[in-house]
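Scroll down for the structure; my scribbles are underneath it.
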Amino acid sequence: MGQDTVPSIISDAGAKPDHEAKSEQEAKPHRDGKRHRDAKPDREAKPEPGPPPPPLAVPLAPGGLPLVGHTPALLRGRWDFVASLRTHGPIVRLRIGPKELYVLNDPELVRRVLVEHADTVERDGFFKQARLHIGDGLAASDGPLHRGQRRVLQPAFQRSRIGAYVEVIRRRAEDASAQWLPGQRLALDREMAELGLTTLGRLIFGEDPAADAAVDEVRQSLPVFIQEVFTRTLLPEWARQLPTPGNRRFAETGQRLRDAITNAVAAGDGSGLLGEFTRMDMTPELVRDEVVSMLIAGNDNTNATLSWVFHEIGRNENVRERLHAELDDVLAGGPVDAADLGALVYTRNVVDETLRLYAPWLVVRRANRDVDVMGHHIPAGSDVLYSHHALHRDPAVFPEPERFDPDRWAEPGYRGRVRGVYMPFGAGVHRCIGEHLFLAQIVTTVATVCSRWQLDPVAGKPSRPRTSALPRPGHLPVTARRRRV
Ligand code: HEM
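The opening position of the sequence shown corresponds to residue 29 in this note's numbering, with each subsequent residue numbered one higher.
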């Protein structure tokens with residue numbers, strides 16, 4: 029934590045109050061991870077006579093080193109390190125160089141922070157920087173602008189509207205898999221990156237030939253732009269201004285992407301999401317920014333999840349056979365359409381299990397005021413973080429958490445029981461707006477590809493997710509085996 033984020037109470041009092049002094053101690057492993065003062069909702073807490081008890085100390089995670097803090101542990105242990113923090117209680121502090129992060133390990137605490145403290149624990153820092161590059165769309169905005177835009181855009185993403193997009197998704201999956209040859213070795217990660225990007229492009233710009241130019245530009249520019257946005261957002265202002273080839277390339281790529289979208293907005297009513305956006309109450313600049321947001325927020329995680337789902341289907345024979353049996357039964361050799369999605373129950377279980385294991389890893393916010401939540405004190409200016417990777421691996425909720433087991437989702441009432449813990453699409457005001465679209469996309473793509481092809485992983489070293497804010501796949505080579513023409 030930087031000097032500006034040190035709790036003011038320390039300097040005011042001259043000595044650390046009890047809870048602050050204790051908070052410097054390293055956490056001891058905790059058996060059930062539950063150490064809240066008040067497990068009831070804040071609003072139901074009964075007033076007690078006398079001054080309120082001081083908030084509980086937020087312990088410092090063990091293993092930090094002088095100066096660098098927990099950075100080496102994080103790099104070495106990757107996200108397993110974040111998952112291991114659960115044993116130290118519902119909330120712990122990490123030191124990353126001079127900065128301090130509050131890591132939420134308890135799903136109820138995550139929910140309270142995202143839902144009940146959404147006005148206090150906001151997007152800041154990273155998002156403010158990102159907004160300079162990607163504009164005012166939902167992916168980076170906050171506050172009144174975000175709330176207004178969310179209201180305007182929400183109808184286009186309702187579950188009832190998504191059926192209209194199933195054919196677009198299916199045609200893309202048919203086209204891509206029609207290129208494969210029996211016995212051909214494919215780079216699954218690259219195939220899915222291309223398929224996901226083309227599908228998202230067509231979902232947004234439509235299938236008319238008039239949209240080809242925008243889709244082509246997005247296919248070329250977006251992967252470069254996304255990669256560079258993350259890097260540049262982390263650079264200091266002066267470094268972003270230098271006339272380096274990298275900065276020039278980034279500026280040019282961003283401009284080409286925005287120009288292509290601006291032209292598509294000016295052309296008006298396409299058949300995709302953009303067509304819907306242009307009929308909504310938004311300026312052309314906001315429509316452009318929302319399209320940029322959808323491209324940024326909807327590309328990498330969709331493509332990565334598509335890769336992981338085929339990877340898991342390929343390497344789990346029992347899962348593959350049951351999936352094929354369901355597809356043969358429900359589709360009977362025909363193309364998948366919107367009415368089939370609800371009947372593909374096992375396919376959906378496979379998708380949920382994939383999202384459990386490979387959902388985005390980190391969500392970060394910043395406390396803009398002191399926050400007391402469930403008896404824990406988070407000082408103003410602190411970064412607050414939670415990890416899907418960690419929540420989705422709690423052995424108390426998901427026995428044998430590393431095992432890929434779609435059948436856990438078949439238990440009656442299971443989805444309801446894990447609702448507060450399983451949150452691949454986040455929670456609160458920033459909950460993913462693309463959730464239903466993505467679910468239609470992945471179920472349709474899996475059904476279309478697996479009806480025709482079996483993708484066998486090439487024997488060798490198993491791929492591990494690469495370290496990043498998203499579980500991006502490394503190389504995933506497969507051999508395509510024809511099931512049906
Ligand atoms: C594997 C697929 C996906 C996953 C796991 C996912 C996950 C998430 C998560 C966790 C958030 C919340 C981030 C936060 O709290 O700061 C989010 C937000 C968002 N997602 Fe997704 N997403 C997926 C696909 C999509 C798609 C396909 C689209 C659009 C086409 C999309 C658009 C968005 C947008 C615009 C936001 C920001 C919402 C807001 O702040 O109001 N996502 N997503």
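Just so you know, even glycine gets a beta-carbon here, dropped at the ideal spot from N, CA and C.
A quick note: this is a predicted structure, and the numbers were derived from the prediction, not measured.
So residue i is in the alpha helix (DSSP H); what residue range does that whole segment cover?
| i | result |
| --- | --- |
| Val425 | Segment: none, Val425 is in no alpha helix (DSSP H) and carries neither H nor E. |
| Trp336 | Pro312 to Arg343 |
| Asp514 | Here the chain comprises residues numbered 29 to 513, so residue 514 is not present and cannot be evaluated. |
| Trp266 | Glu265 to Gln269 |
| His174 | Gly171 to Leu181 |
| Asp240 | Asp240 to Leu262 |
| Leu231 | Leu216 to Phe233 |
| Asp203 | Val194 to Ala206 |
| Pro500 | Before going further, note that residue 500 is Arg rather than Pro in the sequence given. Careful: Arg500 lies outside any alpha helix (DSSP H) and carries neither H nor E. |
Looking at C-alpha atoms only, which residue of the options is the closest neighbour of residue i?
| i | options | result |
| --- | --- | --- |
| Arg500 | Ala455, Arg421 and Asn327 | Asn327 |
| Glu439 | Asn377, Pro505, Ala424 and Leu483 | Asn377 |
| Thr472 | Gly191, Leu103 and Arg140 | Gly191 |
| Ala242 | Leu93, Gly229 and Ala158 | Gly229 |
| Val486 | Gly444, Phe305 and Gly211 | Gly211 |
| Pro380 | Asn346, Arg123, Arg350 and His420 | Looking at the sequence itself, residue 380 is Asp, so the reference to Pro does not match. For the residues Asn346, Arg123, Arg350 and His420, the minimum Cα distance to Asp380 belongs to His420. |
| Glu195 | Gly488, Ala475 and Asp164 | Ala475 |
| Thr290 | Asp217, Arg431 and Leu314 | Leu314 |
| Thr148 | Pro126, Gly171 and Glu128 | Gly171 |
| Leu250 | Gln186, Gly282, Arg114 and Arg121 | Gly282 |
| Gly91 | His116, Phe155, Arg447 and Ala455 | His116 |
| Phe432 | Glu202, Leu262 and Val337 | Val337 |
| Glu128 | His98, Leu103 and Pro118 | His98 |
| Arg114 | Val180, His464, Trp437 and Ala418 | Ala418 |
| Gly370 | His464, Val391, Val141 and His145 | His464 |
| Val457 | Gly403, Leu214 and Arg393 | Arg393 |
Should residue i go down as buried or exposed, given a rule of 16 or more other Cβ atoms within 10 Å for buried?
| i | result |
| --- | --- |
| His503 | exposed |
| Asn329 | buried |
| Pro452 | buried |
| Ala288 | buried |
| Glu428 | exposed |
| Gln177 | buried |
| Ala387 | buried |
| Ser479 | buried |
| Val143 | exposed |
| Ser188 | exposed |
| Thr375 | buried |
| Asn133 | buried |
| Val347 | buried |
Can you give me the Cβ contacts of residue i inside the same chain, cut-off strictly under 8 Å, excluding the 5 residues immediately before and after it?
| i | result |
| --- | --- |
| Glu274 | According to the sequence displayed, residue 274 carries Gly and not Glu. Glu256, listed in sequence order. |
| Ile162 | Ala168, Val257, Asp317, Val320, Ser321 and Ile324 |
Among residues of its own chain, excluding the 5 on either side of residue i, which ones have a beta-carbon nearer than 6 Å to its beta-carbon?
| i | result |
| --- | --- |
| His339 | Leu504 |
| Ala408 | Ala395, Arg397 and Asp398 |
| Arg343 | Pro485 |
| Arg350 | Tyr374 |
Verify the contact flag: residue i, CB atom, against every heavy atom of the ligand HEM, threshold strictly below 7 Å.
| i | result |
| --- | --- |
| Met310 | no |
| Ile461 | yes |
| Thr330 | yes |
| Val243 | no |
| Gly326 | yes |
| Phe258 | no |
| His174 | yes |
| His458 | yes |
| Met220 | no |
| Ala387 | yes |
| Ser321 | yes |
| Gly441 | no |
| Arg104 | no |
| Pro452 | yes |
| Val131 | no |
| Ala167 | yes |
| Phe253 | no |
| Val246 | no |
| Val110 | no |
May I ask which residues mark the beginning and end of the beta strand (DSSP E) holding residue i?
| i | result |
| --- | --- |
| Thr507 | Pro505 to Arg510 |
| Asp411 | Asp411 to Ser415 |
| Glu128 | Lys127 to Leu132 |
| Val449 | Neither: Val449 is in no beta strand (DSSP E) and is coded neither H nor E. |
| Gly283 | Inspection of the sequence shows that residue 283 is occupied by Gln rather than by Gly. Careful: Gln283 lies outside any beta strand (DSSP E), inside the alpha helix (DSSP H) at Pro273 to Ala295. |
| Gln212 | Unbroken run through Gln212: none, as it is neither H nor E. |
| Ile124 | Ile119 to Ile124 |
Please work out which residues of its chain come closer than 7 Å, Cβ to Cβ, to residue i, disregarding the five sequence neighbours upstream and downstream, and give them in chain order.
| i | result |
| --- | --- |
| Ser299 | Gly234, Glu235 and Asp236 |
| Trp266 | none |
| Leu372 | Glu354, Val358, Val471 and Ala475 |
| Ile254 | Ile324, Asn327 and Asp328 |
| Arg198 | Pro363, Val364, Thr472 and Thr476 |
Less than 8 Å between CB atoms is the rule here; does residue i satisfy it with respect to chain D?
| i | result |
| --- | --- |
| Ala111 | Protein chain content of the structure displayed is limited to a single chain, and chain D is not contained in it. |
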